[in-house]
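Only one structure is covered here, and it is reproduced in the block below.
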Amino acid sequence: MTQQSETIFVVDDDFRVREALVDLFASKNLHCVAFASAAEYLRLANPSGPSCLVLDVSLPDINGLELQSSMVRTDHPPIVFITGHGDIPSSVRAMKAGAIDFLTKPWSVEELLQAVRQALERDRLQRRARAELMELEGKVATLTPREREVLPLVASGFQNKQAAAQLGISEVTLQIHRSKIMQKMKAASLADLVRMAAKLEAK
Amino acid sequence: MGGVNIDRWRGPSAILRYGLAALAVPTATIFQQFGDNHFAVTPSYFCAVLLTAWFGGLGPGLFAIALSNLALIYYFVPPTRTFVIDAAYVPSLILFSLAALFVTWLSVRERNLVTRVRVERETLRDANQRFEVTNEALRIENLERKKAEEALRDSEYKLRQVIETVPGFLWSTAPDGEPTHVNQRTLDYSGMRFEEYLHLGWKKALHPDDYSEMANAFFRGIQTGTSFQNEHRLRRSDGEYRWHQALGEPLRDQEGRIIQWYGLSVDIDDRKKAEEQLRSTQARLARASQMAAVAELSASVAHEINQPLAAVISSAQTCETWLSGSSPNIARARAAADRIVRDATVAAEVVRRIRALFKQAAPDKSQLQINEVIDEVWRLLQNEMDRRSILAEFDLAQMLPPTAADRIQVQQVLLNLMRNGIEAMEEQDDPKRLIVRSRHVDGRVVVEVCDSGPGVGDTEKAFEPFHSTKQNGMGVGLAISRSIIQAHEGELWVRDNTPRGAIFTFTLPAP
């Protein structure tokens, strides 16, 4: 996860715009890959590092906004929309669906660069969060079924006695489960464990 | 009755009457023979004379006297059996004759009286009879007249019912236009009395704006004797005005002289309002479709131009970046500069193509009356002008020759010019007057649209595409208008109006 592996994907059907953007980002030392259609992007783009998608609203195959909604369930890179003729409903829709910005051609280069940097930053954060989550999930996978039952009770602040009563086990047994969980989750303290549980729950 | 001819009533003929004398006198003689034979007593002869005079009249009476004298002389005056008379008996004979004459005179007089009475009675009876016949005839006639009158009253009543219940206003006027009848429905509607309609009083029933037009139609109809019609607003008693259509027809006698005018006014308010609504809808639709067209056009223009422009701006920035820093990358900067030239040329090409597009629409020419087109466009804009309280004035030349032009395109030009004028006066407080004139000058129809807005400033720049002084204007209206007029071999220009405003003028060839 270094600066070099950052990638900007440009999807625009106009080759002039693609050429200009690729060269613009190159001059700013940013790696950029351009596609002429949504299908091409979906087939070829493989964002491994932090990335950003500069997306034209009107595309030959599917509309940029439709592409955005089709990707909403996946971990797609943040989107900066560019359009030749921006209308308010489209921009509202794009922003509600989580777009970084909605720029109308001809845009100001500064605005575009700023939006792209913001998008890359957000993707970096998202990636980090996703990586952390994956690690946590890996740890949770090592827990026994009984331990998985105990974890939420402990994390939600129940006292040992209460938690044990709820599960119908003795307080001593519960304490054993708890220490096993702390161990497996590599939690430094109970507070640490609560934080982890919250992250898992938020997923 | 003095003129009645009594002779006619004398009864038996002269022979019979004289025959009576000839019969009566011998009969008297016979009776006398059977008597004491003394001639001095001559009652039988008196009877004969009397009888004859009574039934025969004066002539037979005298005849009977003469016969009686002869009979007396022959039979009774000695010497008897001869017509010789002894002088001693002459006085007796004269006495007899005088007495007989007196009897005859009396008898005839009485007879005449009786006859006259009879005659008069007859005449009277006759007259009476005639009178009775006449009377009977009169009675029958009277009866018939009564029946006819009743029937007339009945039909009049029915007619009146029809007049009063017919769903419209019925009225009649004398040949000079003075009202003679107005039906109850009209009076109920207007709340006026019939007398108030007289002497042009009906003016009060009309909307003040509609009076002059109605009066023109009405009096022109009356002067020329032709039926007329007019649409106007009539005042209801509560002060509301409703649109009515009035029709007037003359009733003529056999010689063709007008004896009455009959008129009918029908409420057309709902229809009129529906029409107006339709017109305003049409106007809105026209405006909306125009706006939609402009929006679409501007979207496509924006897209076409912004695309290369975005590339140009990016490339310019990139070029600058390549040139900056300690080790400028000249090759990549040059490549970026080349792209700028290429893409900017594309943008220019787009603009050129759009301008060409405006010129391409070839006019679909037909013979049209420019005044009609002006009227159509005015109708389209009427509501808008009302809303903005703009006063439209028309100074249109009559008898304009037709001009070969595309109606839709000329409408578009007029709509554009008039709307420009309307919008130019938007902000102004003084009376907003939009004047449209039409003229025929040197084989051309000339149309002027004058406003009192702020004027256009540069009179040539106004026609350049994408030049607009309006907030939301595309700046293509006048450019398109000029290209349309030029395609019709006409001209469109603008000059300043005095004291302020603009006059747009266009010409179309009209041989």
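Read top to bottom, the protein sequences are chains A and B. Under the numbering used here, residue 1075 is the last one in the first sequence; the count climbs by one each step, no gaps. Under the numbering used here, residue 1263 is the last one in the second sequence; the count climbs by one each step, no gaps. For glycine and all other residues, C-beta sits at the position ideal for the given N, C-alpha and C.
DSSP places A:ASP884 outside both helix and strand once states are collapsed to three, so it counts as coil. Shown here, B:GLN981 sits in a strand according to DSSP, grouped into three states. One alpha carbon belongs to B:ASP1158, the other to B:GLU1200, and they sit about 18 Å apart. Counting C-beta pairs with one atom in each stretch, the stretch 897 to 906 of chain A and the stretch 954 to 971 of chain A have fewer than three that are closer than 8 Å, which means they do not touch.
A residue is called buried once 16 or more other Cβ atoms fall within 10 Å of its Cβ, and B:MET1151, having fewer, is exposed. Using a C-beta cut-off of 8 Å, the stretch 1202 to 1215 of chain B makes contact with the stretch 1239 to 1249 of chain B, since at least three inter-stretch Cβ pairs fall below that distance. With its beta carbon less than 8 Å from one in chain A, B:ARG1091 belongs to the interface. Residue-level contact by beta carbon fails for A:PRO932 and chain B, as no gap is shorter than 8 Å. Looking at the DSSP output, B:TRP1013 sits in a beta bridge with B:THR925, B:PRO1002. Looking at the DSSP output, B:ARG987 shares a beta bridge with B:TYR993. Contact of A:SER923 with chain B by beta-carbon distance below 9 Å is absent, the smallest such distance being about 20 Å.
For A:LYS977, the chain B residues whose Cβ falls inside 8 Å of its Cβ are ASN1058, GLN1059, LEU1061, ALA1062, in order along the chain. B:ARG1086 has a beta carbon lying at 8 Å or more from every beta carbon in chain A.
The C-beta separation of B:GLU1001 from B:TYR1014 comes to about 5 Å, placing the pair in contact by the 8 Å criterion. Only those residues of the stretch 1068 to 1082 of chain B whose C-beta falls short of 7 Å from the nearest C-beta of chain A are listed: GLN1069, THR1070, THR1073, TRP1074.
Ranked by Cα distance from A:GLY921, the options A:GLU1007, A:LYS977, A:ASP885, A:ARG999 are led by A:ARG999. Look at the stretch 858 to 917 of chain B and you find no whole run of alpha helix (DSSP H) that is 4 residues long or longer.
Distance between B:ARG937 and B:GLU930, taken at the CA atoms: about 19 Å. Counting the other CB atoms within 10 Å of its CB gives B:SER1118 a total below 16, which places it among the exposed residues. Flagged as an interface residue toward chain A: B:SER1066, by a C-beta distance shorter than 8 Å. If you draw a 10 Å sphere on the C-beta of B:ASP961, you find fewer than 16 other C-beta atoms in it, and that means exposed. One thing to note: B:GLY1173 has its Cβ no nearer than 8 Å to the Cβ of B:LEU1016. The C-beta separation of B:ARG1252 from B:GLY1207 comes to about 6 Å, placing the pair in contact by the 8 Å criterion.
According to the DSSP assignment, A:ASP1064 belongs to the alpha helix (DSSP H) that extends over 1062 to 1074. Using a Cβ distance threshold of 8 Å, A:LEU1023 and A:ALA1035 do not count as a contacting pair. The beta carbon of A:ALA892 falls within 8 Å of a beta carbon belonging to chain B, placing the residue at that interface. Residue burial is scored here from C-beta neighbours: B:VAL1197 has at least 16 other C-beta atoms within 10 angstroms and is therefore classed as buried. Here the alpha carbon of A:MET1068 sits roughly 15 Å from the alpha carbon of A:SER1051. Assignment of A:THR1014 by DSSP, reduced to helix, strand and coil, places it in the coil class. Annotation for A:HIS948: no alpha helix (DSSP H) segment contains it, and DSSP assigns it neither H nor E. Judged by DSSP secondary structure, B:TRP1245 falls within the beta strand (DSSP E) whose first and last residues are 1244 to 1248. For A:LEU896, the chain B residues whose C-beta falls within less than 8 Å of its own C-beta are SER1066, SER1067, GLN1069, THR1070, THR1073, listed in chain order. Fewer than three pairs of CB atoms, one per stretch, sit closer than 8 Å, so the stretch 1009 to 1023 of chain A makes no contact with the stretch 953 to 964 of chain A. Looking at the backbone, the Cα of B:LEU1049 and that of A:GLN990 are separated by about 35 Å. The alpha-carbon separation between B:THR856 and B:ARG882 amounts to approximately 37 Å.
Distances from the alpha-carbon of B:VAL918 to those of B:PRO812, B:ASP1182, B:ASP1019, B:SER1204 put B:ASP1019 closest.
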